[in-house]
Structure formats: C-alpha cells, structure tokens
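Our numbering numbers the first residue of the sequence shown as 1 and each following residue consecutively. Only one structure is covered here, and it is reproduced in the block below.
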Amino acid sequence: MACQLLNGKKGIIFGALDSKSIAWKIAEKAYEQGAAFTLSNTPAALRFGEIKVLSEKCHAEIIPADATSVSDLVNVFQRTMEIFGGKIDFVLHSIGMSMNVRKYREYDDLDYNYFMKTIDVSALSFHKMLQVAKKMDAINDWGSILALTYIAAQRTLVGYNDMADAKSLLESIARSFGYIYGREKNVRINTISQSPTKTTAGSAIKGMDGLVDFTDRMSPLGNATAEECADFSVVLFSDLSRKVTMQNIYHDGGFSSMAMSLKAMTQYNKSLDEES
Ligand SMILES: NC(=O)c1ccc[n+]([C@@H]2O[C@H](COP(=O)([O-])OP(=O)(O)OC[C@H]3O[C@@H](n4cnc5c(N)ncnc54)[C@H](O)[C@@H]3O)[C@@H](O)[C@H]2O)c1
1 MACQLLNGKK GIIFGALDSK SIAWKIAEKA YEQGAAFTLS NTPAALRFGE IKVLSEKCHA
61 EIIPADATSV SDLVNVFQRT MEIFGGKIDF VLHSIGMSMN VRKYREYDDL DYNYFMKTID
121 VSALSFHKML QVAKKMDAIN DWGSILALTY IAAQRTLVGY NDMADAKSLL ESIARSFGYI
181 YGREKNVRIN TISQSPTKTT AGSAIKGMDG LVDFTDRMSP LGNATAEECA DFSVVLFSDL
241 SRKVTMQNIY HDGGFSSMAM SLKAMTQYNK SLDEES
C-alpha cells in the first residue's frame, strides 16, 4: 500500500494469539503502514508458537507478559523503549478472558473467583498498562492508546455474561484515564466497540454463530471484519485523529443504532411461519 500513515511510529501490540486475532490483523496493517512495534502475550499463549510467525513477518520482538502483573508490564515497556531508543507512540490492548464463559457458568450462578479474574484480565489490566506507561513517561505527546470492547457494555446480550461488566469498566477506565493523560501529556485513549468476530475469544461466547448472523442482518453495512477493525485502528493510531480521545467508538456497520432491520424482520417472520 502506498500511504504510510504510521511512518516512524513505534508501539506495543498486546493480544495477538493466532491469525484470527483482531490484534494480529492490526499488527499486519500497522506494519504495512510503516509502524514498528513489539508484541506481547502470556507465556502460555507464546507456547502455542503462532505469534512467532507474526513476529518474523513484522520484524517485531515478542515480550512475554501476563497483563495482570504490573512487574511484567513494566518489563514490556522498559524493553520496548530500549529497542526503540526512547518513548513510543501507540499501544493496543486486545485482551479478554472469562473463566465463567469458558466453564459455561450462567450470569446468575457466577463463580466469584472467576469473576474477579475476568475483571482483572479484561479491564484492570488496561488501567495497569496505562498507569505503568504514565509513570514511566513511555508515551510521546499525541500518542494514542486503544482497547477493544463490545456493545454488551451498554446493551444486554444473551451469553456475554460477566464480560459485559468487564467491558463497562474497560470503557470507563478509558474515559477516566483519558482525561488525566490528555490533560497532562496530550496522550489520547479510546476504545473501539467491534462487531462480533470469529476469533478464539469470540468463539467462546455461547451462540456465537447465531449472534454473528443476527448482527450482520441488523447492520445496514453488515458486520465489520477484523481486517476492517485493523484499518480503523491504524487511523486512530495515526495523526489524522489527534483530537479524538475518551471515546467509545462503534465499529459495527451501524448495528448500535438499529432496533429492527428489514433483513432481520424477514428472518424472524419466517420462523413465525414455521411455528404456525
Ligand atoms: N471476537 C469478538 O467478537 C470481539 C468483539 C468485540 C471486542 N472483542 C475484543 O477484542 C479483544 C481481542 O479478542 P479477539 O477476539 O481477537 O480474541 P483472541 O482470543 O485472539 O485474543 C484475546 C487475547 O487475550 C490474551 N490474554 C488472555 N489473558 C491474558 C493475560 N492475562 N495477559 C495478557 N494477554 C491475555 C490471549 O492470549 C489472546 O491473545 C478482546 O478484548 C475482545 O473482548 C472481540
């Protein structure tokens, strides 16, 4: 691609697991657009080995970290600044996990140890990342930090379980920290609320296939793919979005503004015909 929106920009991408991961697609597009970055994921995720393919493709060093561990995060930022010889420009938080979802615990029968883990991995890790970055003064002026979220933070969707609570907190952290980081360092923080996407984390959600079909029928532009999310992320990392901060931005083909579409109504009516 000819344009190099991220030429000279340096960053960290957390959460690329395999080639289906949204973070993976963002890493590929950021690289295409001239960015240099490090990759980070848990030691367990690194053992699967796929991230090495991405690392070679993007010439990006992999730095293991459990994002719930402040000392691991300090190490990721320290090592990244060593590699690039100074401050960086962007960070992607693309991390989510719920043991309650994985173990099929219903929302009115949650395991509270799992719940605390969901909150820690999927939301508090974002605060930890931001706090570590700010204390280390790791981000350049007008740097951009992004986390990925889902509309279950605002609207109840069957099956999303305690991840809905984690996403609400994640989005709130983006606003609260966005104010302080913007005021003091001109660093911006946003969340992208992405369409349901068939990834490892996404596929853990009960009824994912039906949900993907439903949101596709409901959205005037159809579901947004992981590649399209990557394009949008590149714009948010770039200088073309310098005054955008503290926002939760829907990247969902219009789903968040719909209540009923012709396509969804047609499908619903068909099922009523079958019943009668
Ligand atoms: N797939 C969807 O439908 C969808 C929709 C909207 C938002 N999102 C969000 O996008 C983000 C990325 O998910 P994805 O769909 O690409 O799935 P994914 O499974 O590819 O990515 C999730 C990542 O989180 C990492 N992770 C889990 N625990 C961690 C920990 N303790 N420390 C560091 N990393 C950890 C995993 O190793 C994995 O790389 C998540 O925040 C997810 O909630 C996904």
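In this text, a Cβ means the ideal position worked out from N, Cα and C, and glycines have one as well.
Selection LYS87, MET260, LEU92 evaluated against PHE214 yields MET260 as nearest (Cα-Cα). In this structure, ASP252 keeps its C-beta atom at 8 Å or more from the C-beta atom of ALA226. Within the same chain, THR68 come within 8 Å of ASP120 by CB-CB distance, once the 5 residues on both sides are set aside. In this structure VAL132 is in contact with PHE77, their Cβ atoms being roughly 6 Å apart against a cut-off of 8 Å.
Cβ neighbours of THR42 within its own chain (closer than 6 Å, five residues either side excluded): ASP66.
CA-to-CA, the gap between GLU32 and ASN7 works out to about 9 Å. Sorting SER21, GLU56, LYS57, PHE37 by C-alpha distance to the C-alpha of ALA45 places SER21 at the top. For ARG188, the beta-bridge partners assigned by DSSP are SER144. The residues SER98, ASN100, VAL101, TYR107, in chain order, have a CB closer than 7 Å to that of ASN161 in the same chain once the five nearest residues on each side in sequence are set aside. The residue among PHE232, SER125, ALA204, LYS29 with its C-alpha nearest the C-alpha of LEU169 is SER125. In this structure, the CA atom of ARG47 is about 13 Å from the CA atom of ALA16. If the five residues before and after LYS206 are omitted, its C-beta is found closer than 6 Å to the C-beta atoms of GLY159, all from its own chain and listed in chain order. With respect to the 8 Å criterion, GLY182 and THR245 are classified as neighbours on the basis of their beta carbons. Straight-line measurement puts the Cα of SER193 at about 11 Å from the Cα of PHE232. If you keep only unbroken alpha helix (DSSP H) runs of at least 4 residues inside the region 186–250, you get 200–203, 208–218, 226–237.
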